[in-house]
Amino acid sequence: MQIMFLLCLLTCFALSNFNVQAEVVDNFEFNGCNKFFYKGKEPEGMDQNAKKICQKLQYDNFLYATLYSTFDKIPLYSAYKFAPKCKGTSTYPWHIEPQLISRDEPDHMMLEKDYTAKNKDKLKKTQAIDSDYDQTGYDRGHLYPKSFQYGEDSKVTFTLTNVAPMDACFNRIHWNLWEGYLKTFLKDSLRIKKDVYDSKASAYIVTGTVPGKDKIPQSGDRDLRRVTVPSHIWTAVCYEHSEDHDKSFSFGYIGINQPEFNIKLMSVSEMNKQLNQLYKTSNPSVKIFHDDCFSGKPASEEAINQFFNRIQLPEYQRLQMSKIAQNTFLAVQDVISSDSTGPSNTPTITDLTATLDYDSSSSYLPSTERLKRNFKSACVVTAVKKRRTSDKQKRQVSEGSESIECRLVPEKSVDGKTSADGSPCSGFGNNGYQCTCVTQESKSKSCCSTPCLYQDQLKGYRCYSGKTQIECSPQYSLITAKGNRCRDDHPCATYGKDYYWCFINDKSWEYCSPPLWGSRAKDGKYCRSNYACAKYDKNDTWCYTDDKNWNSCCTSDDYFSAVNDKTCKPDHPCGYHGKAYLWCNTTDGSWNYCCKEFKK
49 MQIMFLLCLL TCFALSNFNV QAEVVDNFEF NGCNKFFYKG KEPEGMDQNA KKICQKLQYD
109 NFLYATLYST FDKIPLYSAY KFAPKCKGTS TYPWHIEPQL ISRDEPDHMM LEKDYTAKNK
169 DKLKKTQAID SDYDQTGYDR GHLYPKSFQY GEDSKVTFTL TNVAPMDACF NRIHWNLWEG
229 YLKTFLKDSL RIKKDVYDSK ASAYIVTGTV PGKDKIPQSG DRDLRRVTVP SHIWTAVCYE
289 HSEDHDKSFS FGYIGINQPE FNIKLMSVSE MNKQLNQLYK TSNPSVKIFH DDCFSGKPAS
349 EEAINQFFNR IQLPEYQRLQ MSKIAQNTFL AVQDVISSDS TGPSNTPTIT DLTATLDYDS
409 SSSYLPSTER LKRNFKSACV VTAVKKRRTS DKQKRQVSEG SESIECRLVP EKSVDGKTSA
469 DGSPCSGFGN NGYQCTCVTQ ESKSKSCCST PCLYQDQLKG YRCYSGKTQI ECSPQYSLIT
529 AKGNRCRDDH PCATYGKDYY WCFINDKSWE YCSPPLWGSR AKDGKYCRSN YACAKYDKND
589 TWCYTDDKNW NSCCTSDDYF SAVNDKTCKP DHPCGYHGKA YLWCNTTDGS WNYCCKEFKK
């Protein structure tokens, strides 16, 4: 009896001392933390000096992984797997990470008050402390949400190495709502029946920050400006079904850390591009998931649509719309961020026309990709106008100095009228493996069953025709390279050619400027957005850089693109290399001019 009492007493003592643990490691792979990353591959392109932390409870397995910046004193990301039975709601005291100071320190998190008695100054050199957040207007915003764990495991999320300063409205309202949407969406995706979840599927999530310019605290009797405030918070999701990859998908979203709502849903490949721009990396290298985790696949496009529709459900309930009108309406709503509550009655909308204005092609192209992906709506350019700028602005303007007006139309994957190359069709067929259409000339051509989107790795536009990925010609313009108007029924497209063109009347046709995401001349200047790099009527690629001057050019704005669609060798990126002009050794065993200098 005494032995049993002693065992119970020891058990209670052990549970009462059940600590949150963590370990600073050199490599996630060799410490069992790579299980939180898709294919065991951690995100690429992040700060190489940041510290890797495997987070766990004492005497337990690791529960998530964190990359922590001791310079900014915030996590750059936390990576974790979704637990479908999650329902963590409890709040726990905040912990700090002693091993960020030295590997000789304890390998478990500690309460700040239990450590600062030893050496508070050493602690503050490597990480944030609780008082850094007090009376700043910023929350201790979780990257790995407490609600995504259950029971005691949610305690492990309450460490200052898993939080960053988030605007209170952003954290408690906007980001919290999207966390809730994501939690419900993933539960529904994994659920087979009530309280039974698919063991063959896993959802890998990475939530990260973009360090900004502001720091906290900014006032008070304490050390000021210690902790960096993120300008953006992002989440990327990779859902993998181990036996049926047709069910696997990915998507992500990025939010601006501000009181006003501004969160954008996108594909993982698009998120990589956005993060490269936000991190201002000289050599674009951010890759969140290995192979972008099925980004661009039909299941990913469908997941993005389903997730967005769930977010927009209240608007659907207010208005009865046809599918095409509904897509167009939501596209307009996304662009203008309307706060309208809708009409007092409930009209039925069967058609909707909208014209949008963009300041430049650099803002037009990413926005229209999002409209195609999220709403299956394309925006066809109807006018390109010179922007009025001051002398100072003229010196600052390079790419896309023209403003763009475009009209929303149904995207070709849903309009039921257009083939993949832009040809008008009179009939369609889709057997699940391939989508085909019959043109007005009775020819059979492939059609798109998913939106025609730009694929950065392929440097071109692709869609899925059933289960096969094919080249496609996007709907993008009614204006030729010379500035003339295409026929309304014959917008710019390839129509089976290797260039973009359109009829301007019943007999005459003209070249169109291709829909490139930034093209440069060999002198490093950007091509005009309405006269982008192409061959047009020449044998070599060229473009206008202003109203009068033209030059040979590269069709991609990167360090490995050379003139005439050549590619620089991986070990010889574009540069001067001792010459007075940009050049590189090309993969065909020769050399050529290139357009964007690689700066180490």
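Yeah, the sequence shown ends on 648 if you go by the numbering used here, and it's all consecutive. Ideal Cβ placement from N, Cα and C applies to all residues, glycine included. It should be emphasised that the depicted structure is a prediction, and the values quoted were computed from it without experimental measurement.
Buried versus exposed call for residue i [16 or more other C-beta atoms within 10 Å across all chains shown]
{"i": "D186", "result": "The displayed chain sequence assigns Tyr, not Asp, to residue 186. By the 10 Å Cβ count, Y186 comes out buried."}
{"i": "S386", "result": "Its pLDDT being 41, under 50, S386 is placed unreliably in this model, and the coordinates cannot settle the point."}
{"i": "A628", "result": "exposed"}
{"i": "Q365", "result": "At Q365, the pLDDT of 42 sits below 50, so the modelled position is not reliable and the matter cannot be decided from this model."}
{"i": "Q441", "result": "In this predicted model, Q441 has a pLDDT of only 42, less than 50, meaning its place in the structure is not dependable; the value taken from the coordinates is given anyway. Under this definition Q441 is an exposed residue."}
{"i": "G189", "result": "buried"}
{"i": "Y252", "result": "buried"}
{"i": "V244", "result": "exposed"}
{"i": "I221", "result": "exposed"}
{"i": "G344", "result": "buried"}
{"i": "E288", "result": "buried"}
{"i": "Q147", "result": "buried"}
{"i": "F61", "result": "The pLDDT assigned to F61 is 34, lower than 50, so where the model puts this residue is not dependable; a value taken from the coordinates is nonetheless given after this. Under this definition F61 is an exposed residue."}
{"i": "S577", "result": "buried"}
{"i": "F130", "result": "buried"}
{"i": "T634", "result": "buried"}
{"i": "G673", "result": "Because residue 673 is not part of the residues shown, which for the chain are 49 to 648, the question remains open."}
{"i": "Q444", "result": "Bear in mind that the predicted position of Q444 carries a pLDDT of just 40, short of 50, making it unreliable; the figure below should be weighed with that in mind. It is exposed - the Cβ of Q444 has fewer than 16 other Cβ atoms within 10 Å."}
{"i": "L506", "result": "exposed"}
{"i": "Y524", "result": "buried"}
{"i": "P141", "result": "exposed"}
{"i": "Q175", "result": "buried"}
{"i": "E450", "result": "buried"}
{"i": "A119", "result": "Checking the sequence, you will find Phe at residue 119 rather than Ala. By the 10 Å Cβ count, F119 comes out exposed."}
{"i": "G228", "result": "exposed"}
{"i": "Y624", "result": "exposed"}
{"i": "K515", "result": "exposed"}
{"i": "G303", "result": "buried"}
{"i": "E350", "result": "exposed"}
Whole-Å CB distance - residue i paired with residue j, under 8 Å assumed
{"i": "L124", "j": "T257", "result": "6 Å"}
{"i": "L413", "j": "W565", "result": "6 Å"}
{"i": "L526", "j": "T430", "result": "5 Å"}
{"i": "S567", "j": "D605", "result": "7 Å"}
{"i": "I122", "j": "P346", "result": "Not really, about 37 Å apart at Cβ, beyond 8 Å."}
{"i": "G530", "j": "E558", "result": "Reading the sequence as shown, one finds Lys at residue 530 and not Gly. Yes, they are in contact, since the Cβ atoms of K530 and E558 sit about 6 Å apart, within 8 Å."}
{"i": "S138", "j": "S202", "result": "6 Å"}
{"i": "N640", "j": "V611", "result": "5 Å"}
{"i": "T217", "j": "P307", "result": "Here residue 217 is Cys; the residue named in the question, Thr, does not match the sequence. Indeed they touch by this definition, with Cβ atoms about 4 Å apart."}
{"i": "C473", "j": "C485", "result": "4 Å"}
{"i": "C454", "j": "L404", "result": "5 Å"}
Check whether residue i and residue j have beta carbons under 7 Å apart
{"i": "A426", "j": "V457", "result": "yes"}
{"i": "K104", "j": "L115", "result": "no"}
{"i": "Y198", "j": "C134", "result": "yes"}
{"i": "N305", "j": "M214", "result": "yes"}
{"i": "A569", "j": "N599", "result": "yes"}
{"i": "H280", "j": "L225", "result": "no"}
{"i": "F423", "j": "N375", "result": "yes"}
{"i": "D155", "j": "V275", "result": "no"}
{"i": "L323", "j": "V316", "result": "no"}
{"i": "C550", "j": "C575", "result": "no"}
{"i": "T255", "j": "S348", "result": "no"}
{"i": "Y406", "j": "I452", "result": "yes"}
{"i": "P499", "j": "K420", "result": "yes"}
{"i": "C534", "j": "Y548", "result": "no"}
{"i": "K241", "j": "E291", "result": "no"}
{"i": "P522", "j": "P563", "result": "yes"}
{"i": "F342", "j": "F309", "result": "no"}
{"i": "Y509", "j": "C520", "result": "yes"}
Beta carbon proximity, residue i to chain C, threshold 7 Å
{"i": "D269", "result": "Protein chain content of the structure displayed is limited to a single chain, and chain C is not contained in it."}
Next on the checklist: Contact between the stretch 464–480 and the stretch 492–503 is defined here as three or more beta-carbon pairs at a separation below 8 Å; is this criterion met?
Outcome noted: Short answer: they touch.
Item to check | Whole runs of the beta strand (DSSP E) within the stretch 90–136, excluding any shorter than 3 residues | outcome: 99–105, 110–117, 122–129
Next on the checklist: At 3 residues or longer, what runs of the beta strand (DSSP E) sit wholly inside the stretch 192–275?
Outcome noted: 211–215, 239–241, 249–264
Item to check | Any beta strand (DSSP E) of 3 or more consecutive residues that is wholly inside the stretch 530–599 | outcome: 549–551, 557–559, 590–592
Checklist entry - What runs of the beta strand (DSSP E), each 3 residues or longer, lie entirely inside the stretch 449–473? => result 450–458
Next on the checklist: Within 8 Å, do at least three Cβ pairs link the stretch 606–618 to the stretch 635–647?
Outcome noted: yes
Next on the checklist: Restricting to runs no shorter than 3 residues, where is the beta strand (DSSP E) found entirely within the stretch 595–637?
Outcome noted: Runs of the beta strand (DSSP E) inside the stretch 595–637: 598–602, 631–633.
Next on the checklist: Extract the residue ranges of the beta strand (DSSP E) inside the stretch 288–330, only unbroken runs of 3 or more that lie entirely within it.
Outcome noted: 297–304, 311–314
Next on the checklist: Just to confirm the assignment: which complete alpha helix (DSSP H) runs, minimum length 4, are found wholly within the stretch 149–184?
Outcome noted: 160–174
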